[in-house]
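Each residue of the sequence shown is one higher than the last, beginning at 711 in the numbering used here. Here the structure comes first, spelled out in structure tokens, and everything after it is commentary.
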Amino acid sequence: MPNTTQRQEYHVNTPSMDPADAREMLVSRFGRRGFLRAATAVTMAGTAAALVTPGQAQAAGPAKAPRAERAKAPTAAFPKEILQPGKGPVHGRHYLSSLPEQVLWGYVPSRADEPVLRMRSGETVTVDTISHEGLLEDQGRDPVTYFKSHGVPADQVLKDAIAVARHYTRTTRNFDVDGPHVVTGPIHVEGAQPGDVLKIEILSLLPRVPYGVVSSRHGTGALARQAGGSAPAGITLDEVMPPVSTDRRSTGDPVHYGNVSVFTPVRSGRAGVLKGVVPLGSSGEVAFPLKPHMGMMGVAFASASSLTSPALNSIPPTLGGGNIDISRLRQGATLYLPVFAEGALFYTGDPHMAMGNGEVALTAMEGSLRTTFRLTVCKRGTGDAPSVAFHYPFAETPDSWIAVGLSDPNGSQNGQINDLNIAMRRAVVNALDFLQHDLGMDRAVAYAYLSAAADFEVSQVVDHTVGVHGVIEKAHFANGHHA
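So this is what it looks like as structure tokens:
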């Protein structure tokens, strides 16, 4: 059982920065005129590491991270200027773009894949991730034209998104079968071996564009029509969403598939809080705060001989993480994943600007993010990772521990089980294991505690393998041995 000091090592602290200082930092970086042209240059300010260009980051190579970098997690203000590839603030020691040869579209890396970047354990990397919305076949596979139809100028469409939509050739896209996600990686982390844990600290999340999209397609989501045209249990056919009349699968139309995409601009509200905006009827609007997070963070899990093997499809999460879709994994959070391949082979994608628990319509508010991670290898017996994480995904935030449960984490290989009851039971078991083995609680007492004080939330119900996560508040243990 780890001691108090070891448990405290799980925390990620992000001290604050004065907003005026953050503003001046961006002014010095982009020039005062460029700063004023931005819709809103700075909101939500945090600690900023020294800014480096992507060229400087790559030239630095895999040398040992500077002492200051290792001492604290860099975070940053949220700029609203368009973060084109290699432009603007880069907080990581390494930088990885999402050009066609650096991504897989619809699939995740296998254990045999060659990495697109190598780094040492404990170093940081900034990844320019791409949302698939605006790129997909049912949207025309032309992001410039798609976003122009929503009033977005061509120079506010990401160049790497355009390149992927137009020039991606690593696989032949099959809209009926492939996952939608643009998956960046894999990244080889030196020293990682099967049986270890990869600790993924989420240090900063910067919106790259001031807009996102929420979509329902393929007749899927929480209120999806069943195969054969019947309604799922608990609702009637006229309650299916999207309405049955818009589901064109039966007509053989390969483009529409009942797709309903809601363009969602980002605006700055009071106190500079960024919000997504959707229409309210014929007039008015609904605004909700952005909560950026990565829907997909994973390590290579499956062995496969083909890039398009069903075992590598990007949709279902697995024991290696992947499309885990937990909205609490925002800036300052940490995800722990068991390692199955040499170098771990970390990948990321599916950037979300906001998501409600359940992700009921099929997607979150999808929007491209520039994300900085610290990737650290944890060995068994050192106390550097929760014991559960050596066999199952586990997470934490500065305020809570998060026990993950999946309905069938091997489902991408062995067939899908879409059952929230199974995911719930696994989340409870993993929470019990953590409380017993890491915090020293009697298992029966821990069971009672979870019933009285822990919240079990639905992660998502739309990724074939569904998820539930249990939230254990750290403050509940402030007066105990493990405070």
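Every residue gets a Cβ at the ideal spot worked out from N, C-alpha and C, and that includes glycine.
Please return the same chain residues whose Cβ sits closer than 6 Å to the Cβ of residue i, not counting the five positions on each side in sequence.
i     : result
P942  : Q936
P1103 : G1031, L1047 and V1114
S841  : P1061, E1076, G1077 and S1078
A1051 : R821 and A1010
A981  : none
E847  : F885
V1208 : The question about residue 1208 has no answer, for the chain in this structure spans 711 to 1193.
G901  : S831 and V1087
R977  : K985 and V987
A1099 : V907 and Y1046
V887  : none
Q849  : Y856
With a CB to CB cut of under 7 Å and the five nearest residues on each side skipped, what residues in its chain are close to residue i?
i     : result
F857  : G844 and V867
V899  : M829, S831, L908, G1053, A1054, F1056, L1085 and V1087
K1089 : D906
G1068 : A932, V1168, Q1170 and V1171
K869  : Q794 and P795
F998  : K985, G986 and A1064
R851  : L845 and A875
E824  : none
Y1157 : L1142
D1173 : I1025, P1026, P1027, N1033 and D1035
E890  : Before going further, note that residue 890 is Pro rather than Glu in the sequence given. The residues are G816, H842 and L846.
A1071 : V924, S926 and G931
A1164 : A1141, G1180, V1181 and I1182
T1092 : none
Q812  : L806, V826 and T894
Any idea which residues DSSP pairs residue i with across the strands?
i     : result
R880  : Bridge partners of R880: none, in fact.
K909  : Y1046 and T1086
H1062 : H1003 and E1076
E653  : Residue 653 is absent from the structure shown; the chain starts at 711 and stops at 1193.
T930  : DSSP, once it has assigned bridges, lists no residue as partnering T930.
G922  : T974
F998  : G986
V899  : M829
Q1170 : G1068 and G1177
S914  : T1082
A1105 : L1045 and I1112
H1147 : H1147 pairs with nothing; no bridge assigned.
L806  : V837
Y967  : Its beta-bridge partners do not exist; DSSP assigns none.
D1165 : V1181
V1009 : F1056
T894  : V813 and T1058
T1028 : G1031
N1023 : Y817
Going by beta carbon distance, what residues of the same chain come within less than 8 Å of residue i, once the five residues before and after it are set aside?
i     : result
V854  : A864, V867 and I872
L1130 : S1117, V1168, V1171, V1176 and V1178
T1058 : V837, T839, V893, T894, G895, M1004, M1006, M1007, G1008, T1081 and F1083
Q768  : Caution is warranted here: a pLDDT of 35 is assigned to Q768, below 50, making its placement in the model unreliable, and the coordinate value is therefore given only provisionally. Once the five neighbours on either side are set aside, the close Cβ partners of Q768 are H804 and Y805.
If residue i and residue j are in contact, beta carbons under 8 Å, what's the gap, nearest whole angstrom?
i     : j     : result
G929  : Y967  : 7 Å
S1110 : E1183 : 5 Å
A1043 : E1106 : 7 Å
T836  : V892  : About 17 Å separates the two Cβ atoms, so there is no contact after all.
F1083 : I910  : 6 Å
S808  : T894  : 5 Å
E913  : T834  : Just to set this straight, residue 913 is Leu in the shown sequence, not Glu. About 7 Å; that satisfies the 8 Å criterion.
L1029 : P1119 : 4 Å
Y921  : V826  : Not quite, the Cβ-Cβ distance comes to about 28 Å (not below 8 Å), so this is no contact.
H860  : P810  : Contact flag wrong, Cβ pair sits at about 24 Å.
L1160 : V1138 : 7 Å
At the 8 Å Cβ level, is residue i part of the contact set with chain B, yes or no?
i     : result
T1107 : Looking at the structure shown, chain B is missing, and only one protein chain is on hand.
Inside the segment 810–875 only - beta strand (DSSP E) runs reaching at least 3 residues: Counting whole runs of 3 or more residues, the segment 810–875 contains the beta strand (DSSP E) stretches 813–815, 827–829 and 834–838.
At least three beta-carbon pairs within less than 8 Å, the segment 992–1002 to the segment 1125–1138: Contact fails: fewer than three Cβ-Cβ distances are below 8 Å.
Should the segment 1075–1083 be called in touch with the segment 910–925, which here means at least 3 C-beta pairs below 8 Å? The segment 1075–1083 is in contact with the segment 910–925.
Do three or more CB pairs link the segment 1036–1043 to the segment 980–994 at distances below 8 Å? Judged by Cβ distances under 8 Å, the segment 1036–1043 makes no contact with the segment 980–994, as fewer than three pairs qualify.
Three Cβ pairs or more, each shorter than 8 Å: is that satisfied between the segment 806–819 and the segment 1018–1027? Of all C-beta pairs linking the segment 806–819 to the segment 1018–1027, three or more are shorter than 8 Å, placing the two stretches in contact.
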